[in-house]
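A.B. asks: The letter at position 145 of the sequence shown is residue 370 when you use the numbering used here, and the numbering goes up by one with no holes.
Structure below; questions to follow.
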Amino acid sequence: VTDSLAPNAPENTVERWLAQHAYKAGEQWYADYRLLRYGTPAELAHIANTAQTAKLAQEAGGGQIQFVSQRIPTQARAGAILPLEWTYRLAAPTQADLHWFVQLLSAQEALVAQLDIGPDQGYASFSQLPIDLEQTERLGLDLPSSLLPGPYRLIAGLYDPAAE
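Here it is in structure tokens:
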């Protein structure tokens, strides 16, 4: 819980530490108080990094993101926070301050859980990221307690909130 601090406030050293070590699943305001929800890396402990070669190219504003690796659990539990981790590098500069989106979809393509967030849990912006330096994103999907057993599809990507 934070009191009267804006998201990603530089003086909030606890939230900054969490951004570097935990998996942010969301936040909710209650008057001047903000409740933050994080997952832990426990479910990723025995999952190896999987190499990736995907590239995302942005049409407007330039920029190209090269994925390097990912760690994503293959099992999920209802009511838990699903930790997700991927490493990427910016291969070409961008002027747009893109945001990540992550969605868990049911077999019928219905949205089950989602998270939208800036890079480094909002502490960075794509337009200021250094070129060719690996970045690791740690995100958490807050799964509903009503999540039923079965197959699900996880999708992730980038969008420009200014273009919405």
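Don't be surprised by glycine CBs; every beta carbon is placed ideally from N, CA and C.
#1: Helix, strand or coil: which one does DSSP assign to A250?
#2: What residue from S352, A301, Q320 and D385 has the CA that sits closest to D341's CA?
#3: Run through DSSP, which three-state label would Q353 get?
#4: Please go through the segment 286 to 318 and give each complete beta strand (DSSP E) segment of 3 or more residues, from N-terminal end onward.
#5: May I ask you to report which of helix, strand or coil DSSP gives G375?
#6: Under 8 angstroms between the Cβ atoms of Y258 and A250?
#7: Distance, Cα to Cα, E362 vs A303?
#8: Considering only C-alpha positions, which residue in the set E252, A335 and I356 is nearest to L372?
#9: Report the three-state DSSP secondary structure of W242 (helix, strand or coil).
#10: Tell me whether the beta-carbon of L383 lies closer than 8 angstroms to the beta-carbon of W325.
#11: If you drop the 5 nearest sequence neighbours on each side, which residues of the same chain put their C-beta closer than 6 angstroms to that of A381?
#12: Name the two residues that bound the continuous beta strand (DSSP E) containing V337.
#13: Using DSSP with H/G/I as helix, E/B as strand and the rest coil, what is A276?
#14: For Q346 and G365, what's the separation of their Cα atoms in angstroms?
C.D. replies: Straight from the coordinates:
#1: strand
#2: For D341, the nearest C-alpha among the options comes from D385.
#3: helix
#4: Counting whole runs of 3 or more residues, the segment 286 to 318 contains the beta strand (DSSP E) stretches 287 to 296.
#5: coil
#6: no
#7: 23 angstroms
#8: A335
#9: helix
#10: yes
#11: V327
#12: Note, V337: beta strand (DSSP E), L336 to I342.
#13: strand
#14: 10 angstroms
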